[in-house]
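Structure, as structure tokens:
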Amino acid sequence: MSTDSLFKRAEELASDAERVTRAKLRKVSLPGGLTLGLITLDNGEDHTKPNTFGFGSLLALSTAIDEAIADETITAIGVTGKPFILAAGADLTSIQSGGPDAVRTIAQLGHAVFRKLGEGGKPSFGFINGLALGGGLEVALHCTYRTVMDSAPALGLPEVMLGLVPGWGGAYLVPNLLGADKAVTLAIENPLNNGKTLNGQQAFDFGLADAVFGGVDFLEQSLLWAGKVLSGDVVVERPEVDRGAAWDAAIARAEGIVAAKTGGASPAAKQAIELIAGARDADRDAGFAAEDDALEAMSRTPELIASMYSFDLVQKRAKRPAGAPDRSLARPVTKVGIVGAGLMASQLALLFVRRLKVPVVLTDLDQERADKGVAYVHAELDKLLAKGRSNQDKTNRLKALVTGSMDQSVAFEGADFVIEAVFEEMSVKKQVFAAVEKVVSPECVLATNTSSLSITEMAADLEHPERVVGFHFFNPVAVMPLLEIVKGDKTDDPTLATAFGTGKGLGKTTILVKDSPSFIVNRLLGRFMGEVAKIADEGTPIAVVDSAFAGVAPMPPYVLLSLVGPAIALHNNETLLRAFPDRFYVSENLRRVVEAGRRSFYGADGAIDPEVAALLVQPESPVVKTADEVREQTLSALADEAQRMLDEGVVAAPEDLDLAMITGAGFSFWNGGLTMLLDIAGISEKVNGKRFH
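Take 24 as the starting number for the sequence shown in my numbering and just add one per residue.
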């Protein structure tokens, strides 16, 4: 397609639904009498709605670049974004309905526009002043030079996680700039590691930027630096890329990562490997054409449909939780109390103080334990300071907000929100809330971090059971996005609204859950792990069982068991067995491992621990299944459980189950979480007689 035809087709495909990112060109005088044409990307919204690139946005950027190139008074071109945001990549919602034709067109258009920055005849600078993901990073990669703000929160190429590939130059430019191994990390390993990204300082250390600056004057410092580059006072040197054995080793590493993480079930991951491998010998035209072909191919896969579904869940449904009360009912939270000062309680204290910036008081049975919890929070804040993620003044202020006490009557005075994080035993939790209720106001929310116990029963003996709510986090608290908010039979709307408002303030994805055993994620994982354990107990080797779920679960089930902790998994399944004895299973082998005090089925060498293996009782007549049979049986059990949960009203819709499994259990975007995976595999209809969607 000719350039003129490409731009004409793009204009035809441009949609009124797109929130267009404008490209505002202005002239900036640099030292030495030089003039830089600075293009600022801005969609007119605040930082909660990032700049994106749809057809209209790319056409606007193209016009601005053309004007800068044509202006003889402009020596160089710079691109930056609105405050805190460069760009978050493609506007997926505006192009997904156009099918493969729209995908190929926008792929070619992105290449055509971005290439003007690197090949337009004038030096160019990408000033990465905040978030830069996918196309947001690629627009900077096309520039001759790059600076980055040290506090930029997220830089990366997450496309593989979305069932796509870096399609606007990333798969070609990164390996040729930094080498194949770093390209594998950025474009394959990080996306498959729950969408891991780099912050600004890390991106500079990684080699994505030539200079790093901090503070409110980032742009001014970047412009001064650009002037020095143009005058020759600063010379940017980049390491030579190893195109021999190191490239081959990188591709081999990528193949191992993809096999382990996806089991070959992600077309995008395999395609990304091919693009990086081909970038060694291809010129730009060939490399970019390969990206165009790959993106169009991905647009024809069911994985992309599932990915767009997942993306919509995380971007839209997560922001408007189904069933949440009116926000106006929420009460302000100006002080938080925490019952317990162990590891979970200390993690909660760290999260609350960092996000809400209100006083947080840890309490425990004695002052020594409370002080230990406070010391943990202080140490973690010091680590953030040492990493450059905070400053001394902020660190001191946050430290001052965290205190510890053994006297709840003093500690919880004026508290609006008290959360317990004590032993997972109903009698213990009821005692805790009975004591707390005596020393807090009637409006103070009493939240429990229980992972499986009944909220209704926990609140039953209280004078004000209406202010008790489930507030279930996932480990590690700072990393996992999901927060299950559980409504007891008597939980009132102001309490729920306060819980949702607090969860939002903590930066979590919140989902309303009916009070039911183990709620969402732990119930589904309980059925999953129970089925897996039954298959292993009947005679299928653990190695075969673990190999069955690559591309389904984020990690093999017995590896997950080691991460969660055998004792916690056993407790969860015992709770579920009591509630649903007809279909949940408790493994006696797992019980033996827990009673022996073992915390993992695996040793340091990655093999099954021989001492654990000696604990496992083998059946007299073993039934050995293949990996395919293991996967089919387990997914069938999950299809059954998911439908039962919907029938019981545990959540409002299948979308909530999927959002929970993506954000709380790390299930893949390109599978669509759980129910979409079951639909695509044909298991939903086989088990339930109907699809979930």
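Note that CB positions come from ideal geometry on N, CA and C, so glycine has one too.
Just so it is clear, the structure is predicted and the values come from calculations on it, not from any experiment.
What does residue i pair with, by DSSP beta-bridge criteria?
i, result
"LYS47", "THR63"
"HIS495", "GLU507"
"THR75", "THR75 is not bridged to any residue."
"GLY238", "Beta-bridge pairing links GLY238 to no other residue."
"ILE631", "TYR625"
"TYR168", "PHE148"
"ALA130", "None, per the DSSP bridge assignment."
"ALA576", "ALA573"
"SER52", "THR58"
"ALA113", "PHE76"
Taking just the CA atoms, how far does residue j sit from residue i?
i, j, result
"LEU82", "THR58", "24 angstroms"
"VAL239", "PRO106", "10 angstroms"
"ALA566", "PHE497", "27 angstroms"
"THR71", "PHE456", "37 angstroms"
"ARG350", "GLY524", "7 angstroms"
"PRO198", "LEU476", "50 angstroms"
"LEU374", "THR471", "16 angstroms"
"ILE108", "LYS410", "22 angstroms"
"GLU443", "LEU318", "48 angstroms"
"PRO579", "ILE328", "25 angstroms"
"GLY687", "SER52", "50 angstroms"
"GLY279", "ALA292", "11 angstroms"
"ALA125", "LEU36", "7 angstroms"
"GLU507", "LEU421", "26 angstroms"
"GLN338", "ASP94", "40 angstroms"
"ASN217", "LYS380", "27 angstroms"
"VAL376", "GLU90", "48 angstroms"
"ASP27", "SER474", "59 angstroms"
"GLU41", "ALA272", "42 angstroms"
"VAL433", "ARG343", "37 angstroms"
"ARG49", "VAL162", "18 angstroms"
"VAL468", "ALA353", "11 angstroms"
"PRO181", "ALA283", "18 angstroms"
"GLY365", "GLU480", "24 angstroms"
"GLY287", "ASN694", "13 angstroms"
"LEU185", "GLN454", "46 angstroms"
According to DSSP, simplified to helix, strand and coil, what is residue i?
i, result
"THR518", "helix"
"THR598", "helix"
"VAL673", "coil"
"VAL359", "strand"
"SER369", "helix"
"GLU161", "helix"
"GLY427", "strand"
"ILE211", "helix"
"TYR195", "helix"
"LYS410", "coil"
"LEU352", "helix"
"GLY149", "strand"
"ALA40", "coil"
"LEU593", "helix"
"LEU385", "strand"
"VAL468", "strand"
"LEU682", "helix"
Terminal residues of the continuous beta strand (DSSP E) containing residue i?
i, result
"LEU156", "153-156"
"GLU443", "440-443"
"PHE107", "107-110"
"LYS537", "532-537"
Which first and last residues belong to the alpha helix (DSSP H) in which residue i is found?
i, result
"SER174", "Unbroken run through SER174: none, as it is neither H nor E."
"ALA99", "Looking at the DSSP string, ALA99 is not in any alpha helix (DSSP H); the run it does join, the beta strand (DSSP E), is 99-104."
"ALA33", "26-36"
"GLU555", "What sits at residue 555 in the sequence shown is Val, not Glu. It spans 544-560 - the alpha helix (DSSP H) in which VAL555 sits, taken as one unbroken run."
"VAL455", "449-460"
"LYS293", "290-301"
"LEU584", "580-587"
"ASN711", "706-711"
"GLY279", "268-285"
"ARG323", "No alpha helix (DSSP H) holds ARG323; DSSP gives it neither H nor E."
"GLN641", "Where GLN641 is concerned, there is no enclosing alpha helix (DSSP H), given that its DSSP letter is neither H nor E."
"ARG343", "No alpha helix (DSSP H) holds ARG343; DSSP gives it neither H nor E."
Pairs of beta-carbons, one from the stretch 314-321 and one from the stretch 190-203, closer than 8 angstroms: are there three or more? yes
Cβ contact check for the stretch 528-547 and the stretch 508-517: 3 or more pairs under 8 angstroms: yes
Should the stretch 352-361 be called in touch with the stretch 378-386, which here means at least 3 C-beta pairs below 8 angstroms? yes
Measuring CB atoms only, is the stretch 146-153 touching the stretch 94-103, in the sense that at least three cross pairs come out at less than 8 angstroms? yes
Just checking, does the stretch 74-91 make contact with the stretch 129-136 on the three C-beta pairs under 8 angstroms criterion? yes
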